[in-house]
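Worksheet: one structure, shown below.
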Amino acid sequence: MNKMPDKPDNLAWFATWLEHNWPGLYAGALAAFIAALRVVYGGGNWRRVALEAPLCGALALAASHGLTLVGIPSSTGPFFGGVIGLLGVEGTRAMAAQFFKRKAEQP
77 MNKMPDKPDN LAWFATWLEH NWPGLYAGAL AAFIAALRVV YGGGNWRRVA
127 LEAPLCGALA LAASHGLTLV GIPSSTGPFF GGVIGLLGVE GTRAMAAQFF
177 KRKAEQP
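Offset between the sequence shown (1-based) and the numbering used here: plus 76.
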């Protein structure tokens, strides 16, 4: 039978860290899962699943930590993670390029 760790402070630290970072981690995992299902449903091969799912997860993780910079609560990270997973890397890149191009053209 497993015993409790010798240093319960480590477990408390990890629980606190997980509590603070849960929306971002959940957004990344959700984006990866949705992207993998989307690729499989679309008839993609396993190589594409292995590339697209982690890319969407990493993109959602990065985006979820940047939400507070634009005034959006970090608790909405899973929603944006789901959207990124559904759109995929190419769709997200196209939307971001269009958004920043429009912002650059404004005076």
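Heads up, the beta-carbon is just placed ideally off N, CA and C, and yes, glycines get one too.
Find the nearest neighbour of residue i within the set the options, judged by alpha-carbon distance.
i: Gly161; options: Leu106, His141 and Gly100; result: Leu106
i: Gly104; options: Asn97, Ala134 and Val125; result: Ala134
i: Tyr102; options: Lys179, Gly157 and Lys177; result: Gly157
Which same chain residues, not among the five before or five after residue i, have their C-beta less than 7 Å away from its C-beta?
i: Cys132; result: Ala107, Ala108, Ala111, Ile160, Gly161, Gly164 and Val165
i: Pro35; result: Outside the displayed range of the chain (77 to 183) lies residue 35, so it cannot be described from this structure.
i: Val125; result: Ala112, Val115 and Val116
i: Gln182; result: none
i: Phe175; result: none
i: Lys177; result: none
With a CB to CB cut of under 6 Å and the five nearest residues on each side skipped, what residues in its chain are close to residue i?
i: Ala129; result: Ala108, Ala111 and Ala112
In its own chain, which residues sit with a C-beta less than 8 Å from the C-beta of residue i, not counting the 5 before and 5 after it?
i: Leu143; result: Pro149, Ser150, Thr152, Gly153 and Phe156
* Inter-stretch contact (C-beta, 8 Å, three-pair minimum) for the segment 135–147 and the segment 84–96 -> As far as the Cβ criterion goes, the segment 135–147 does not touch the segment 84–96, which means the pair count is below three.
* To do: Please specify which runs of the alpha helix (DSSP H), each continuous and at least 4 residues long, are wholly inside the segment 106–147, giving them in chain order.
  => Qualifying alpha helix (DSSP H) stretches, in chain order: 122–142.
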